[in-house]
Amino acid sequence: MLTGTQVAFIGGDARTLEIIQRLTELDATVTLIGFDNLKQTFSGATHAELTEEAFADVDAVLLPVVGTDDEGKIDGVFTSKELRLTDACLARLPKHAKVYAGMAKPYLKSLCAKHDIALVELLERDDVAIYNSIPTAEGAVLLAIQHTDITIHGSTVVVVGFGRTGMTLARTFQGLGAKVLVGVRKDDHFARAFEMGFQPFHTAQLQQHVGAADILFNTVPSLIVTSKVIAAMQPRAIIIDLASKPGGTDFRFAERRGVKALLAPGLPGIVAPKTAGRIIASVVSQLIMEDSAKRGNGV
Ligand code: NAP
1068 MLTGTQVAFI
1078 GGDARTLEII
1088 QRLTELDATV
1098 TLIGFDNLKQ
1108 TFSGATHAEL
1118 TEEAFADVDA
1128 VLLPVVGTDD
1138 EGKIDGVFTS
1148 KELRLTDACL
1158 ARLPKHAKVY
1168 AGMAKPYLKS
1178 LCAKHDIALV
1188 ELLERDDVAI
1198 YNSIPTAEGA
1208 VLLAIQHTDI
1218 TIHGSTVVVV
1228 GFGRTGMTLA
1238 RTFQGLGAKV
1248 LVGVRKDDHF
1258 ARAFEMGFQP
1268 FHTAQLQQHV
1278 GAADILFNTV
1288 PSLIVTSKVI
1298 AAMQPRAIII
1308 DLASKPGGTD
1318 FRFAERRGVK
1328 ALLAPGLPGI
1338 VAPKTAGRII
1348 ASVVSQLIME
1358 DSAKRGNGV
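Count along the sequence shown starting at 1, add 1067, and that's the number in the numbering used here.
As structure tokens, this is what we get:
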């Protein structure tokens, strides 16, 4: 339980509601900042304005998946007020407090470092990334269906990158009856992809393996689907780039060449916000409970 643990939520979206639900069930003392337009109520949660005082006794600060932007602005779909995490806010946080976000831009990283406050980037964790790969793959299936006029079954799918997302994607499309080629850069990944029944190749040879692709999914967060790769694709093929912005595709060249290419960030939050929220809720509640137990709180 989280009895006696103070948690402040600042901004967020439908995913955040799942985390609030979980932490209130665990009896945390929850303060909601930037939820003034929210109709739903949570027993035990109170609303507050974003002031420095609101940070005074807080053990954990929960930010939305993107954390803050480069100026400290926090997105909140349940408020029309501007939310900004300032230097003065962090200065009021107790030193044992932790800031949780899906990911952190340099602004948030340097603010936490300056005040010696621990920052937890939840999407960096293997467990969160692997659980998240499930709604991501389902979103990828949705996009593939929406943007092609052929069945996935019998199609040729190239998955570039064989990490936490790439592996789930490859298996999902294989399960739907596609012929799946997987681009890897490590020999052990090559062997694993072979063992799993995919057709592996080294990403250095990407250009030589895209000719038959109906759909190419990229999960490598750096420019890898270059103009040369795109030029080797069939014009009717589609590129769905899942890597974090700006993706790993030369979108300008794809457009010039007439190959449809789309960047598709944030699929878990779009196709399955409840599940995406529960994934984060389950991990974050565990982490806060561990910290709380170390401080001798909770029962
Ligand atoms: P990951 O586990 O680190 O996998 C990335 C893969 O890319 C690894 O196989 C890595 O190879 C490979 N790679 C990295 N740089 C490369 C390069 N220069 N050349 C060749 N291969 C390279 O990451 P992940 O969790 O799968 O996430 C992948 C991307 O998808 C990230 O940008 C993430 O933010 C994004 N993502 C998007 C969504 C969405 O909804 N669109 C959802 C989840 C994640 P090694 O193993 O050899 O390092």
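Glycine included, every Cβ here is placed at the ideal spot set by N, Cα and C.
Endpoints, the beta strand (DSSP E) within which residue i is located
{"i": "P1267", "result": "1266-1269"}
{"i": "D1308", "result": "1305-1308"}
{"i": "L1261", "result": "Going by the sequence as given, residue 1261 is Phe instead of Leu. From DSSP, F1261 is part of no beta strand (DSSP E) but of the alpha helix (DSSP H) over 1254-1262."}
{"i": "F1284", "result": "1282-1285"}
{"i": "E1188", "result": "1185-1188"}
Opening and closing residue of the alpha helix (DSSP H) in which residue i lies
{"i": "V1338", "result": "1334-1338"}
Beta-carbon proximity list for residue i, same chain, < 6 Å, skipping 5 on both sides
{"i": "R1159", "result": "E1119, F1122, A1123"}
{"i": "V1366", "result": "At V1366 the pLDDT is 46, less than 50, meaning the model places this residue with poor confidence; the figure from the coordinates comes in the next sentence. Hits under 6 Å: M1068, T1070."}
{"i": "L1248", "result": "V1225, Q1266, H1276"}
{"i": "R1089", "result": "A1348, S1352"}
{"i": "D1103", "result": "T1146"}
{"i": "F1257", "result": "V1251, P1267"}
Residue i Cβ short of 6 Å to the ligand NAP heavy atom set
{"i": "K1341", "result": "no"}
{"i": "A1331", "result": "yes"}
{"i": "R1252", "result": "yes"}
{"i": "S1311", "result": "yes"}
{"i": "T1293", "result": "no"}
{"i": "P1131", "result": "no"}
{"i": "V1287", "result": "yes"}
{"i": "L1334", "result": "yes"}
{"i": "R1319", "result": "no"}
{"i": "G1315", "result": "no"}
Close Cβ partners of residue i (< 8 Å) along its chain, the five nearest in sequence each way excluded
{"i": "P1173", "result": "D1137"}
{"i": "G1278", "result": "A1299, M1300, Q1301"}
Same chain, Cβ closer than 7 Å to residue i, five either side skipped, listed in chain order
{"i": "I1197", "result": "R1231"}
{"i": "I1291", "result": "V1227, T1270, L1273, N1285, G1315"}
{"i": "G1244", "result": "I1219, H1220, G1221"}
{"i": "E1205", "result": "V1338, A1339"}
Cβ separation of residue i and residue j, assumed to be a contact under 8 Å, to the nearest whole Å
{"i": "A1211", "j": "Y1167", "result": "Not really, about 33 Å apart at Cβ, beyond 8 Å."}
(request) For the region 1327-1340 and the region 1307-1317, state whether three or more C-beta atom pairs, one from each stretch, are separated by less than 8 Å. (result) yes
(message) Would you call the region 1312-1326 in contact with the region 1183-1195, where contact means no fewer than 3 C-beta pairs closer than 8 Å?
(response) no
(request) Please determine if the region 1347-1361 and the region 1069-1087 are in contact, where contact requires at least 3 C-beta pairs separated by less than 8 Å. (result) The region 1347-1361 vs the region 1069-1087: in contact.
(request) Tell me, please, whether the region 1129-1144 touches the region 1070-1086 by the rule of three or more beta-carbon pairs shorter than 8 Å. (result) yes
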